[in-house]
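The numbering used here numbers the first residue of the sequence shown as 9 and each following residue consecutively.
Quick reminder that beta carbons are idealized off the backbone N, C-alpha and C, glycines included.
Quick caveat: nothing in here was measured; it's all calculated off a predicted structure.
One structure below.
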Amino acid sequence: MKRSTGPGKAACALWVVLIGLSGWCVQEGRSGPPATSTRVTLHPRDSGRAVRLKRGQWLAVQLPASSASGYRCWLLDPAVELLDVEQVPARIGGAQSWVFRATRSGQGSLLFECRQDLSESPAQRVEFGVRSP
9 MKRSTGPGKA ACALWVVLIG LSGWCVQEGR SGPPATSTRV TLHPRDSGRA VRLKRGQWLA
69 VQLPASSASG YRCWLLDPAV ELLDVEQVPA RIGGAQSWVF RATRSGQGSL LFECRQDLSE
129 SPAQRVEFGV RSP
C-alpha cells in the first residue's frame with residue numbers, strides 16, 4: 009500500500025517554478041514583463057525608424073529566424089549607453105525576439121545583421137534609432 013506524506017511531485021514542481029518566477033520579477037527592481045501598452049515592438053520593416061523610450065520602458069525587437077535554414081540575426085550595436093538586454097533571443101515560430109529596457113538617458117542605435125550561417129551572400133542590416141530623455 010502506497011502512503012502519501014505530503015504534496016505530490018507535480019505540486020512541488022509547480023511551487024519551485026513559481027518561486028523562480030517571483031525571484032526574477034524582484035531581482036534588481038524589475039517589475040516583471042511589461043504590459044503591452046508600455047512596450048514598443050519593432051520589426052525589420054521598421055528599419056531606419058527612431059523610437060523614443062521613457063526610462064524603464066521596454067523595447068521588443070522581432071526579427072526573422074529559421075532553424076532549418078540557419079537564418080538568424082546578430083546584434084552588432086546594442087546601444088549599451090541607454091539600454092539593457094532583458095531577454096536574449098528566443099526563436100519563436102520563425103522569429104527571434106530580443107527584449108531591451110531603457111535604463112539610462114541618452115541616444116544610440118540598435119544594429120542587427122541578418123543572414124544564413126556560413127553564407128557568402130550579403131547580410132541584411134536592420135537598424136533602429138533609440139532616444140531616452
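Query                                                                                                     : Result
Inter-residue spacing [alpha-carbon to alpha-carbon] between L119 and L71                                 : 12 angstroms
Within 8 angstroms, strictly: CB atoms of P86 and V93                                                     : yes
R80, buried or exposed, once every other Cβ within 10 Å from all chains shown has been counted against 16 : buried
Residue environment, V88, which counts as buried when at least 16 other CB atoms sit within 10 Å          : exposed
Euclidean distance between Cα positions of R53 and Q132                                                   : 12 angstroms
Range covered by the beta strand (DSSP E) that runs through R139                                          : 132 to 140
Whether R47 touches S140 by CB criterion (8 angstroms)                                                    : no
L90 versus G101, R112, S75, residue with shortest Cα-Cα distance                                          : R112
Paired residues, beta bridge with E128 - DSSP                                                             : E128 is not bridged to any residue.
DSSP three-state assignment for G37, whether helix, strand or coil                                        : Only weak support exists for where G37 lies, its pLDDT of 45 falling under 50; the value from the coordinates is given anyway. Of the three classes helix, strand and coil, the one that applies to G37 here is helix, per DSSP.
Alpha carbon of L50 to alpha carbon of Q104, nearest angstrom                                             : 12 angstroms
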